[in-house]
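Participant: In terms of my numbering, the sequence shown opens at residue 40 and continues consecutively.
We put the CB at the ideal spot given by N, CA and C, even for glycine.
Questions regarding the structure given below will be posed in turn.
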Amino acid sequence: MQVQKTGEARKLLLLQFGFLVLIPLLLLPLGVTVSLSGFLGGAIAFVSSLLMFTLVFRHYRAQQPEKIVAKFYGAEMAKLIFGIAAFALVVLNVQPLSFATLILVYFFMQVVPVLLINNR
């Protein structure tokens with residue numbers, strides 16, 4: 040069970056990283072601001088997923104299912120706090136910024152890789 044779940048999480052991270060590289064390149068014809076905003080939205084999503092993966096699967100043991108639930112809740116809280124802080128830093132410090140692109144790419148990076156992995 041451990042190998043399968045960590046394998047799926049690693050696939051998700053690799054897919055997110057691929058999108059993190061690809062999306063800003065695809066947005067470049069729309070301008071540097073849009074491309075940078077897309078990269079920052081994707082980077083926030085990728086780093087928050089990487090943080091959650093690290094917190095949940097570091098020292099993971101399938102024999103202790105009651106502890107995994109606590110790890111998931113703690114990791115989700117850390118992910119939310121990181122995301123809020125990262126968005127605040129970006130919005131306050133990056134000008135010009137395409138806020139719509141930042142949010143849309145973040146949402147895309149959270150949803151689409153999961154859908155692609157679950158539909159295999």
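1. So, under 8 Å CB-CB, Ile62 and Ala125 are touching, yes? Tell me the CB distance rounded to an integer number of Å.
2. Helix, strand or coil, according to DSSP, for Val42 in the structure here?
3. DSSP three-state label for Val133, please.
4. What does the alpha-carbon distance come out to for the pair Gln41 and Glu105?
5. Skipping 5 residues on each side, what residues in its chain have a beta carbon closer than 8 Å to that of Glu47?
6. With H, G and I counted as helix, E and B as strand and the rest as coil, what does DSSP make of Arg97?
7. Would a C-beta distance cut-off of 9 Å place Leu66 and Gly77 closer than the cut-off?
8. Just the C-alpha distance for Phe111 and Leu52, rounded to the nearest angstrom, thanks.
9. Quick one: grab the DSSP three-state call for Gly122.
10. Can you list, in chain order, the residues of its chain with a C-beta nearer than 7 Å to that of Phe92? Leave out the 5 residues immediately preceding and following it.
11. Leaving out the 5 sequence neighbours to the left and right, which residues in its chain are closer than 6 Å to Leu136 when beta-carbon positions are compared?
Facilitator: According to the structure shown:
1. Here the question's residue 62 lines up with position 23 in the sequence shown. Here the question's residue 125 lines up with position 86 in the sequence shown. About 17 Å separates the two Cβ atoms, so there is no contact after all.
2. Here the question's residue 42 lines up with position 3 in the sequence shown. Confidence is the limiting factor: at Val42 the pLDDT is only 44, short of 50, which leaves the residue's position unreliable and the question unanswerable from this model.
3. To locate residue 133, count along the sequence shown from 1; it is residue 94. In the structure shown, Val133 sits in coil (DSSP, three-state: anything other than H, G, I, E or B).
4. Translated into the one-based positions of the sequence shown, residue 41 becomes position 2. Translated into the one-based positions of the sequence shown, residue 105 becomes position 66. Reliability of the predicted coordinates at Gln41 is poor, the pLDDT of 44 falling under 50, and the value obtained from them is presented with this limitation in mind. Going from the Cα of Gln41 to the Cα of Glu105 covers about 15 Å.
5. Numbered from 1 along the sequence shown, position 8 holds the residue referred to as residue 47. The residues are Ile156.
6. Indexing the sequence shown from 1 puts residue 97 at position 58. In this structure, Arg97 counts as coil in the three-state DSSP scheme.
7. Position 27 of the sequence shown, counting from 1, holds the residue named residue 66. Position 38 of the sequence shown, counting from 1, holds the residue named residue 77. In this structure, Gly77 lies closer than 9 Å to Leu66 by Cβ.
8. Stepping through the sequence shown from its first residue, residue 111 is reached at position 72. Stepping through the sequence shown from its first residue, residue 52 is reached at position 13. Spanning the two alpha carbons is a distance of roughly 17 Å.
9. Numbered from 1 along the sequence shown, position 83 holds the residue referred to as residue 122. Gly122 falls in the helix class under three-state DSSP.
10. Position 53 of the sequence shown, counted from the start, is the residue given in the question as residue 92. Ala48, Leu52.
11. Sequence index remark: in the sequence shown, residue 136 carries index 97 (1-based). Contacts found: Ser76.
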